[in-house]
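Sequences listed follow chains A and B, in order.
Note that my numbering has the first sequence beginning at 1004, numbered continuously upward.
Note that my numbering has the second sequence beginning at 730, numbered continuously upward.
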Amino acid sequence: MSKEGGKTVKLEQRKDLLGLRDVSREEIEMILSTATPMKDILKRDIKKVPTLRGKAMVTVFYENSTRTRTSFEIAGKYLSADTVNLAVSTSSVAKGESLRDTVKTIEAMGFDLMVIRHGMSGTPSYVARNTNMRIINAGDGANEHPTQALLDLYSIKEAKGSLEDLKVVIVGDILHSRVARSNIYGLSKFGCEIRVVGPATLMPPEIEKLGVKAYNNLDQALRGADVINVLRIQRERQVAGLFPSLDEYSNLYMLSPERLKNAREDVLVLHPGPMNRGVEISSALADSTTAVVNEQVTNGVAVRMALLFLMMGGSKDEITY
Amino acid sequence: MRLEPKKKLMDDMGIKRAITRIAHEIIERNKGVENVALIGIRRRGGPLAQRLAERIEEIEGIKIPVGILDITLYRDDLTTLAAQPQLHRTEVFFNINDMNVVLVDDVLFTGRTVRAALDALIDIGRPRCIQLAVLVDRGHRELPIKADYVGKNVPTSHTEVISVLVSEIDGKDEVVIQDILKE
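1) Listing by chain order, which chain B residues have their CB less than 8 Å from the CB of Arg1047/A?
2) Could you pull the start and end residues of the beta strand (DSSP E) that Ala1141/A belongs to?
3) Could you tell me whether the Cβ of Thr842/B comes closer than 8 Å to any Cβ of chain A?
4) Distance, Cα to Cα, Lys1018/A vs Ser1068/A?
5) Check the Cβ-Cβ distances between Pro1247/A and every residue of chain B, and say whether any is below 8 Å.
6) Residues in its own chain within less than 6 Å of Lys737/B by CB, not counting five upstream and five downstream?
7) Would you list the one or two residues that DSSP bridges to Asn829/B?
8) Pick from Lys901/B, Arg855/B, Arg841/B: whose alpha carbon is nearest that of Gly743/B?
9) Is the stretch 1024 to 1043 of chain A close to the stretch 1057 to 1067 of chain A, with three or more CB pairs under 8 Å?
10) Is Glu1283/A closer than 8 Å to Val1233/A when the C-beta atoms are compared?
11) Cβ closer than 7 Å: which chain A residues qualify as neighbours of Asp827/B?
12) Let me check understanding here. Comparing Cα to Cα, which of Gln1237/A, Gln1223/A, Ile1177/A lies closest to Arg1209/A?
13) Report the neighbours of Leu1313/A on chain B: residues whose CB is nearer than 8 Å to its CB, in chain order.
14) Span of the alpha helix (DSSP H) holding Asn1302/A?
15) By the 9 Å beta-carbon criterion, what residues does the stretch 776 to 803 of chain B contribute toward chain A?
16) Can you tell me whether Thr1054/A is helix, strand or coil according to DSSP?
17) In the DSSP output, what is Met1117/A paired with across the bridge?
18) To the nearest angstrom, report how far apart Val863/B and Leu847/B are at their CA atoms.
19) Residues in the same chain with beta-carbon distance under 6 Å from Met739/B, minus the five sequence neighbours each way, listed in chain order, please.
20) Could you tell me the alpha carbon to alpha carbon distance between Ser1158/A and Glu1298/A, rounded to whole angstroms?
21) Where does the unbroken beta strand (DSSP E) through Asp908/B begin, and where does it stop?
22) Please list the residues of the stretch 1051 to 1073 of chain A that have a C-beta atom closer than 7 Å to any C-beta atom in chain B, keeping them in chain order.
23) Could you check which residue in Leu1045/A, Arg1024/A, Ile1109/A, Glu1211/A has the C-alpha nearest to that of His1148/A?
24) What three-state label does DSSP hand Arg841/B in the structure shown?
25) How about Met1004/A: is its C-beta nearer than 8 Å to some C-beta of chain B?
26) Between the beta-carbon of Gly801/B and the beta-carbon of Asp1043/A, is there less than 8 Å?
27) At least one CB of chain B closer than 8 Å to the CB of Thr1037/A: is that the case?
28) With a floor of 4 residues, list each alpha helix (DSSP H) that falls wholly inside the stretch 734 to 783 of chain B, ordered by position along the chain.
29) Check whether the stretch 1047 to 1062 of chain A touches the stretch 1273 to 1290 of chain A, counting contact only when three or more Cβ pairs, one atom from each stretch, lie closer than 8 Å.
30) Span of the beta strand (DSSP E) holding Ile1173/A?
31) Between which two residues does the alpha helix (DSSP H) carrying Ile1182/A extend?
32) DSSP state of Asp877/B, grouped into three classes?
33) Does any CB atom of chain A fall closer than 8 Å to the CB of Leu816/B?
34) Starting from Asp1155/A and walking both ways along the alpha helix (DSSP H), at which residues does that stretch end?
35) Please go through the same chain and pick out, in chain order, the residues whose beta-carbon is closer than 6 Å to the beta-carbon of Ile1139/A, but skip the five residues on each side of it.
36) For the stretch 1263 to 1278 of chain A, enumerate the residues whose C-beta is nearer than 8 Å to any C-beta of chain B, in chain order.
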């Protein structure tokens, strides 16, 4: 539970999940503990429960996505919600319809929940204020990507047994990374020591105000690490030439089996995918971590099922708008 | 609203005798326990199923599989609840196909929990048959559901509550009937 405007908010009373910044440790624990029985459902012959029968959700992605969108869609289907994907590029958005009008149109069709991804930070929050549908942020600009962080937290907890007091290193383009921000907000609630490392040009100047330690040297940052979260170098966002070349980046920051020697022997390597082999992760390490990365994808479905159940399952009467 | 204790219906010995009798009935009805599995409905059905399995093992010398069923995702009242109930794992780590599954719960009341449990079971396999064992049947069925094994039949009114306490969860074994007092 967390305080919002002096009132205690429980997860199921939340209308929206816009980021992990304002979500309490107790709410995160509730989501993670609910995800384990959900993961069991994925392993059954009959991968469906009737829980969200009669509920409808829509995914609206203004940016490309394979795993997040598909993951939300199948999570909804496993719970028996009706799930629709709005293909933004072939919709009326292409005819110039405003975001607000699009949202109102979708709301009029009776959807209970919308999952939205947008290139501009704050868009899900704007949409949430203009609709009665529940909104889940599936990534907004460089702001937050809460469900990715939740599945990272789940994967870490699954591998390490607990989230308490771990040393977690986040490597890469911290400046543009919503995954990094949501991870920082989430992990810091469990007393983790969070280190961010990357080129100075990709490091937000005041990042340490979030309670993390910033490094420019990868080997230093990796010392004694329990977990390394390798961010994807987002080539689509590298417009301003923030580092000289991909080669130089990989020389300094590419994670490889040799560099892992600085970390703990049982270090867990996570990658949100898709992986750029030879850029942020060496091909050899990518091969040996593929299993973990795929487990992360499975966990992503389980965590999203947990979230949909907790947010859509109950009565609407008690929502704190 | 508060609960006023009215009467103790069963003590630890009473519960033990009922479990023993039900164990014998399960063995008799199924002509042995070759194909029998016990699945308790969370929460108090779990320990009761475990105890039944132990009694059956003492009598027949056969260890039968025991599981725990969480029915939360199958409840028919989720959309009316303010807060979502905590979801727990279903722990049935054996194949229930072609088994004689005995569902175990503490109290049989409206029958809605059992209805949810039947749906939950059928989603994890296809048992040969499903039977129902309860420690207390208090009546007031809202669905066409009937128990095969009953520890104690207790006629009740809607203003009464039956509480089954088990030592594994509550620290003692006891069945009490309470009055709901409106204040």
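The beta-carbon is built from N, C-alpha and C at its ideal position, and this holds for glycine as well.
This is what the structure gives:
1) Near Arg1047/A (Cβ distances below 8 Å), the residues of chain B are Asp852, Ile853.
2) Boundaries of the beta strand (DSSP E) harbouring Ala1141/A: 1137 to 1143, taken from the DSSP string.
3) Not one chain A Cβ lies under 8 Å of Thr842/B.
4) So the alpha carbons of these two residues sit roughly 24 Å apart.
5) Not closer than 8 Å to any Cβ of chain B, the Cβ of Pro1247/A fails to qualify, so no.
6) Result list for Lys737/B: Val905, in chain order.
7) Paired residue(s): Val765/B, Cys858/B.
8) Closest option to Gly743/B, Cα to Cα, is Lys901/B.
9) Between the stretch 1024 to 1043 of chain A and the stretch 1057 to 1067 of chain A, the count of Cβ pairs shorter than 8 Å is below three; the stretches do not touch.
10) Their beta carbons are under 8 Å apart, which means Val1233/A touches Glu1283/A by this criterion.
11) Ordered by position in chain A, no residue passes the 7 Å Cβ test against Asp827/B, which lies about 15 Å from the chain.
12) Reading off the sequence, residue 1209/A comes out as Glu, not Arg. Out of Gln1237/A, Gln1223/A, Ile1177/A, Ile1177/A has the C-alpha closest to the C-alpha of Glu1209/A.
13) Leu1313/A reaches chain B at Gln813, counting residues in chain order whose Cβ is nearer than 8 Å.
14) Counting along the chain, the alpha helix (DSSP H) containing Asn1302/A begins and ends at 1286 to 1315.
15) Listed by position, the residues of the stretch 776 to 803 of chain B near chain A (Cβ gap below 9 Å) are Asp799, Thr801, Leu802, Tyr803.
16) Under the three-state reduction of DSSP, Thr1054/A is assigned to coil, being neither helix nor strand.
17) DSSP output for Met1117/A lists Val1061/A, Ile1138/A as bridge partner(s).
18) Their Cα atoms are separated by approximately 15 Å.
19) For Met739/B, the CB contacts under 6 Å within the same chain, skipping 5 residues up- and downstream, are Val904 in chain order.
20) Rounded to the nearest angstrom, the two C-alpha atoms are 8 Å apart.
21) DSSP places Asp908/B inside the beta strand (DSSP E), whose first and last residues are 903 to 910.
22) Listed by position along the chain: Val1052, Pro1053, Thr1054.
23) The option with the nearest alpha carbon to His1148/A is Arg1024/A.
24) Arg841/B falls in the helix class under three-state DSSP.
25) Only weak support exists for where Met1004/A lies, its pLDDT of 41 falling under 50; the value from the coordinates is given anyway. No, Met1004/A does not count as interfacial toward chain B.
26) What sits at residue 801/B in the sequence shown is Thr, not Gly. In this structure, Asp1043/A does not lie closer than 8 Å to Thr801/B by Cβ.
27) The beta carbon of Thr1037/A sits closer than 8 Å to some beta carbon of chain B.
28) Within the stretch 734 to 783 of chain B, the runs of alpha helix (DSSP H) at least 4 residues long that lie entirely inside it are, in chain order, 741 to 758.
29) The stretch 1047 to 1062 of chain A is not in contact with the stretch 1273 to 1290 of chain A.
30) Counting along the chain, Ile1173/A sits inside the beta strand (DSSP E) bounded by residues 1170 to 1174.
31) Reading off the sequence, residue 1182/A comes out as Val, not Ile. Taken as a continuous stretch (DSSP letters only), the alpha helix (DSSP H) holding Val1182/A covers 1181 to 1191.
32) Here Asp877/B sits in coil by DSSP.
33) By this cut-off, Leu816/B is an interface position.
34) Residue range 1149 to 1163 is occupied by the alpha helix (DSSP H) that includes Asp1155/A.
35) Cβ contact annotation for Ile1139/A (same chain, cutoff 6 Å, sequence separation greater than five): Leu1020, Val1118, in chain order.
36) From the stretch 1263 to 1278 of chain A, no residue has a Cβ closer than 8 Å to chain B.
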